[in-house]
Each structure stands twice: as C-alpha cells, then as structure tokens.
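Peer 1: Using the working numbering, you'd call the opening residue of the first sequence number 69 and step up by one each time.
Attaching a single structure in structure tokens format; questions to follow.
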Amino acid sequence: MLSRRFVRENPDAVREGLALRHNDDVDVDEILELDAEWRELKAEGDDLRHERNEISDRIGELKQAGREEKAQEAIERSAELKDEIDRVEERAARLDDELHERLLEVPNVPHEDVPPGEDEPDNVEVRREFFDDHDAPADPVPHYDLGEDLNILSFERGAKVAGGGFYFLQGDGARLEHALIQFMLDVHREQGYTDVFPPIPVDSEAMTGTGQLPKFEDDMYAIEGEDLWLCPTAEVPVTNMYSDEILLDDDLPIKHQAYTPNFRREAGEHGTETRGIVRVHQFNKVELVNFVRPEDSYDRLEALVSEATAVLDRLELPYRVVTLCGGDLTFASAKTYDLEVWAPADDMGYGPAEGGRWLEVSSASNFEAYQARRAGLRYRPERHESAESLHTLNASGLALPRVLVAIMEYYQNDDGTITVPEPLRPYMDGQAVIEGHDPVGEAAVGAGERE
RNA sequence: GCCAGGAUGGCCGAAUCUGGUAAGGCGCACGCCUGGAAAGCGUGUUCCCGUUCGGGAUUCUGGGUUCAAAUCCCAGUCCUGGCGCCA
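Spelled out as structure tokens, the structure:
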C-alpha cells in the first residue's frame, strides 16, 4: 500500500497514477479529508493522554508521601480525563480504520515508463523472438482437439471429479507436464534461484500482504470454516515468507523459485477464447520471486524478464515481450512486462499477422515497496541505523498449461504426433515424439472407426 | 484432539510471584577520544503526530479489573514438550 505520508505529500502523483490506470473508484480528496480529521483528533487525544500520564505519576508520588487527600483529588481528575479520552479516541479509531481500509484499495502508482492506454491492444511491444524463420505446421489442430485425439488430455473426466475448468493430463501429457516443471526449475537454479516449496493454503493476512485482498476476493477459492484460501499464485506464500522480519543488507538480493499448483475461480471467463487449457481453475506454475534493495529494483526487473524468457529461448518457441499500459497494469505493480507465447492453431483477434494468437505465460512486475509495506518486509541498509522497506518483484517462470498449448500446436507434426522439444527429452527418458495412447474403456470400443 | 509450559526492542534476556521509570548484554550507526585503529565513553537503533525540541502509542492479539497493567482476570493465536490420532 502507499504510505499515508506519501499520499498526503503527493496527492497529484496519486491522482495522475489513478488516471493512467483508468481507475475512478478511488477518491483521493476523501482520503485526504479523512487523514486531516484523523490527525486533528489524534493530536487532541495525545494531549489529553499527556495530561493524564502526568497526573498518574503524581498519584504515585502523593501515595508514597502519604498525602491521601491530594491523591484522591488527582484520582477524580484522572477519571474525568479518562472519559474525555475515550470519547476522542473512539472517533479517532473509527477514522483510522476507515483510512486504512481506503488505503488498501488504492493501487500502486505506476512508474514513469508506463505507457498510456486502456487495455491489451495498447500494450507496447518491446521485442519479438523466433519469428523470422519459424517452423509452425501449415494447419495445426488446436490443442484441445489434439489432446483428446492423443488421449493425453481429458476434459470430461476432469469435469466429472471437480467440475468445469478442471482436466486430467494422461500418460505422456502428464509426463510432459512433469518434464516442463523440472526443466524450468533447473534453468532458474542455474540463474541463481533458491528453491522453496511453500504451503498451498494461505491466510487472509498473506493475501492482503501481496494485494489479492481485499479487492479480489471473488477470484479466490476459500476453504470453508477456516481463514484459508487456496494459493492463487506462489507469489502469495513466497513473498509473505519473510513478513514482519528485518533482513540484512548482505541477504539481498534474495531470488526464490517455487513450483506450486494455483487455483483461480475465473468467474465468468468461459468462452471460445478460453477453450481447452488456456484458462482453467487449477494450473501449475514455477514462480520467481525477488527481494531487492530499492535502488536495484529496476535493473532487476530487466534481468527478471531475461530469466523468465530463457525458458522460451531454450524451447525455441516464438514469443514476444510487451510493456503493459496503465489500464492493463495489475493492482500492486508499478511496472509490468508480459511474456506472450505464440499458439498458432486458433486464429483469434489477439495475435500476430502470421495468425494464431498470443498467450500470456508470464507477467514480470516490480512492486517497489508496495507489497513490502503491506507485508512488513524490511531490511537494514548498510550505514543506516533503522530498517526500511525493501522492493519485491516477481515473474512466472512460466505458467505451464499455456506453454503446453504452444508446444502441442507449434511442435505438432502432420501425422498428428508431437515432437518433444530437445531440452525436455532428458526429462522423459529421451523420448522424442509423443504418439498418444489408445483410449481406455468401452467408449474406445464403440468409437465408430471399425466396420 | 487432550494436558503442561511459554511469547518482552534487530537479536539474547531481566523484571511477572508482591501492579507504580521495561535492567543488562550483543549487533549496528553516529559522535568523543586517537597519528591511525582497537579498547573505552556518550548518543541513537519500533510505529504515529507535530518544524528543531517535544508528545503519544507499543512487552503475541483482543477484552476486563484498577487512579495506574509486561505484571492480575477472561478469550483467542502461535511456539515448545508430553499423550492420542494419522500418510
């Protein structure tokens, strides 16, 4: 969250940031008024308390000296003050709570590099890789059809046990998923990342620390009867793992990677564009989380993008990097780059001239001190006596299902098989081609092909 | 789940029984001292308000008793140990 002091001293910067985001839910003037009123009441309450503290000290002295009558007078005065303090502070506390709640709903102020714009089409392309002589099949089958043809994907069975938006990976499909996870973890370990495996349920405090709560409650799965939510992204447990701690200057930068399943309700997000495994309720992801000194965070953001794209580079999948415009920027982020992989099968609106479409597989964001302030993440800078907020960043490295989509569509062969990208083969006992599996059960027998 | 013990500053730790200035140590920063350093001495090292200076809050959290709570009472959270259950 933004600090009270920052909002008080830079209201115009906050207003401009909101305008760039096309956010008109936040009323800065109202917040400033609340703040001014709260400060006035706090000063009043502090003065009253000061007076009462002095009287209280005197009572002790008078009692010691045996001057009961004087002491009794002071006790009466103290009781009067107590009532007055209760009145003033009750009002102050109400304003304080209100102010806190309002501030939790103020998004981060975008960095000056963030381009104007309302939505996806306004994002600015930074670079594009592997397009010059790409090797996509002429007429690729969409992953959802191919996956069921090969019996490596089953949506019906997923829906049977958990409902729509869940799916089974089967046989080589599941193997490819495992291979990708291990491959990504190995790539990032080479880049200096330390592995962590976090708890999957997270509490409300953690969700508030990274900014998912209070605004985005509807996107999360809640666990009934507990103050717990299913992890929507490893960003939540990993960023909060050092909450309310003070790290040493020597500890920084910290680079953690975490593989976790992620759960999102995605209410109202179903349609042709999300068919298959492009937008599902549960997906695996390797997440990169950085804790850095404030002065290093923008250099780190650039490096983070390279660390995430290294996976696509090694897989030789066509992709591009875009800078998100103000309107597309997420709540807690000051600047974000999206990594979009090319899925050639479905020619949809959001895609390159070659056809197909862009699929976001990672968002690399600098949150500056926004999350650190909410989560209580601090460090002690060298040659400073007191602790201050550090900066946090994260990027997916990468979200699995969409990478799987890209592989299935980009590396599919004319005979309906899929070539396993070279770097993944060591993780699949050297297997080079996914040929699919025979269907299981009576449905297979009655499938019609035989005379 | 049951029983017992515990939670004090960046860290360690005293004060809790017996309510009245949160001791001391370590680390770190600044200053003094020094040719320079070490040692030593002093100041500082959480949050909030206010211009220096000051004031307020803060002993896990929330209530209560009291003129006054780290201290007494109630509830909760977490940690440790023991028992139980369990992949």
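No residue lacks a Cβ here, since even glycine has one placed at the ideal position from N, Cα and C.
Can you find the residues in the same chain that come closer than 8 Å, C-beta to C-beta, to L100, ignoring five residues on each side of it along the sequence?
Peer 2: Result list for L100: V75, R76, P79, in chain order.
Peer 1: Report buried or exposed for D200, applying the criterion of at least 16 other Cβ atoms within 10 angstroms of its Cβ.
Peer 2: Exposed: under 16 other Cβ atoms inside 10 Å.
Peer 1: Got a sec, what are the start and stop residues for the alpha helix (DSSP H) P469 sits in?
Peer 2: 468-478 is the span of the alpha helix (DSSP H), which, as asked, contains P469.
Peer 1: Please state if the CB of W106 and the CB of L149 are separated by a distance shorter than 7 Å.
Peer 2: No, they are not a contact pair.
Peer 1: Our contact map puts P300 next to R332 with C-beta atoms below 8 Å; I'd like the distance itself, whole angstroms only.
Peer 2: Contact flag correct, Cβ pair sits at about 5 Å.
Peer 1: What does a CB cutoff of less than 8 Å around V373 pick up in its chain, not counting 5 residues either side in sequence?
Peer 2: Taken in chain order, the residues that qualify are V389, Y405, L407, A432, A463.
Peer 1: Could you tell me how far apart the beta carbons of L320 and Y447 are, in whole angstroms, since I believe they sit closer than 8 Å?
Peer 2: The Cβ separation is near 6 Å, so the contact holds.
Peer 1: What first and last residue would you give for the alpha helix (DSSP H) that runs through E47?
Peer 2: Summary: the structure shown does not reach residue 47, with the chain confined to residues 69 through 519, and so no result is reported for it.
Peer 1: Which residue marks the beginning of the alpha helix (DSSP H) containing A9, and which one marks its end?
Peer 2: Past the edges of the chain, shown from 69 to 519, lies residue 9, and the structure says nothing about it.
Peer 1: Would you kindly work out how many angstroms separate the C-alpha atoms of A142 and E169, rounded to a whole number?
Peer 2: Computed Cα separation, rounded: 39 Å.
Peer 1: Would you mind working out which of R83, Y327, Y479 sits nearest Y261, comparing C-alpha positions?
Peer 2: Closest by alpha carbon: Y327.
Peer 1: Distance, Cα to Cα, L88 vs G185?
Peer 2: Spanning the two alpha carbons is a distance of roughly 7 Å.
Peer 1: With three or more C-beta pairs closer than 8 Å as the rule, is the stretch 257-277 touching the stretch 289-305?
Peer 2: With a cut-off of 8 Å, the stretch 257-277 and the stretch 289-305 count as touching, because enough Cβ pairs lie within range.
Peer 1: Indicate the three-state DSSP secondary structure (helix, strand or coil) for M283 in the structure shown.
Peer 2: At residue 283 the sequence reads Lys, which differs from the Met that was named. K283 falls in the coil class under three-state DSSP.
Peer 1: Evaluate E375 with the Cβ neighbour count: other Cβ atoms within 10 Å of its Cβ, from every protein chain shown; 16 or more gives buried, anything less gives exposed.
Peer 2: The residue in question, E375, is buried, as its Cβ has 16 or more Cβ neighbours within 10 Å.
Peer 1: Taking the alpha-carbon positions, what's the Y310 to F399 distance?
Peer 2: Looking at the two C-alpha atoms, the distance is approximately 21 Å.
Peer 1: Could you give the first and the last residue of the continuous beta strand (DSSP E) run that contains A411?
Peer 2: That run of the beta strand (DSSP E) goes 403-411.
Peer 1: Can you tell me which residues form a DSSP beta bridge with N358?
Peer 2: In the DSSP output, where bridge partners are listed per residue, N358 has K323, L461.
Peer 1: State buried or exposed for R135, treating a residue as buried only when at least 16 other CB atoms are found within 10 Å of its CB.
Peer 2: R135 comes out exposed.
Peer 1: For L316, count neighbouring Cβ atoms within 10 angstroms of its own Cβ and tell me buried if that reaches 16, exposed if not.
Peer 2: By the neighbour-count rule (16 or more Cβ atoms within 10 Å), L316 is not buried but exposed.
Peer 1: Do P489 and L383 count as a contact pair if the criterion is CB distance below 7 Å?
Peer 2: Their beta carbons are under 7 Å apart, which means L383 touches P489 by this criterion.
Peer 1: Quick check: the Cα distance between R518 and L218, rounded to an integer number of angstroms?
Peer 2: Its pLDDT being 48, under 50, R518 is placed unreliably by the model, and the measurement read from it follows with that caveat. The alpha-carbon atoms of R518 and L218 are separated by roughly 18 Å.
Peer 1: With three or more beta-carbon pairs closer than 8 Å as the criterion, would you say the stretch 204-213 touches the stretch 466-484?
Peer 2: Touching, per the Cβ criterion.
Peer 1: Using the three-state DSSP reduction, which class does Q140 fall into: helix, strand or coil?
Peer 2: Q140 falls in the helix class under three-state DSSP.
Peer 1: Taking Q314 as part of the beta strand (DSSP E), name the residues at either end of that continuous run.
Peer 2: Reading off the sequence shown, one finds Ile at residue 314, where the question assumed Gln. Segment 313-316, the beta strand (DSSP E) holding I314.
Peer 1: Hey, could you find the ends of the alpha helix (DSSP H) E122 is sitting in?
Peer 2: Unbroken alpha helix (DSSP H) run through E122: 96-133.
Peer 1: Take the Cβ of M416 as the centre, count every other Cβ of all protein chains shown within 10 Å, and call the residue buried at 16 or more, exposed below.
Peer 2: The residue is exposed, with fewer than 16 neighbouring Cβ atoms inside 10 Å.
Peer 1: Tell me whether R448 sits in a helix, a strand or coil according to DSSP, three-state version.
Peer 2: Looking at R448 - three-state DSSP - the assignment turns out to be strand.
Peer 1: By how many angstroms is the C-alpha of E122 removed from the C-alpha of I291?
Peer 2: Their Cα atoms are separated by approximately 50 Å.
Peer 1: Report the rounded CA-to-CA distance for A500 versus E370, giving the unit in angstroms.
Peer 2: So the two alpha carbons sit approximately 34 Å from each other.
Peer 1: Can you tell me the Cα-Cα spacing of S401 and P178, whole angstroms?
Peer 2: Roughly 7 Å separates the two Cα atoms.
Peer 1: Short check: CB of I30 to CB of F359, under 7 Å?
Peer 2: As displayed, the chain neither begins before 69 nor continues past 519, which places residue 30 out of reach and without an answer.
Peer 1: Would you call F265 buried or exposed, if buried means 16 or more other Cβ atoms sit within 10 Å of its Cβ?
Peer 2: By the 10 Å Cβ count, F265 comes out exposed.
Peer 1: What did DSSP end up calling L248 once you bin it into helix, strand or coil?
Peer 2: DSSP places L248 in helix when its eight states are reduced to three.
Peer 1: Is the number of C-beta pairs between the stretch 153-161 and the stretch 338-345 that are closer than 8 Å three or more?
Peer 2: Counting Cβ pairs under 8 Å, fewer than three are found: no touch.
Peer 1: According to the neighbour-count rule (16 or more other Cβ atoms, all chains shown, within 10 Å of its Cβ), is E355 buried or exposed?
Peer 2: So E355 counts as buried.
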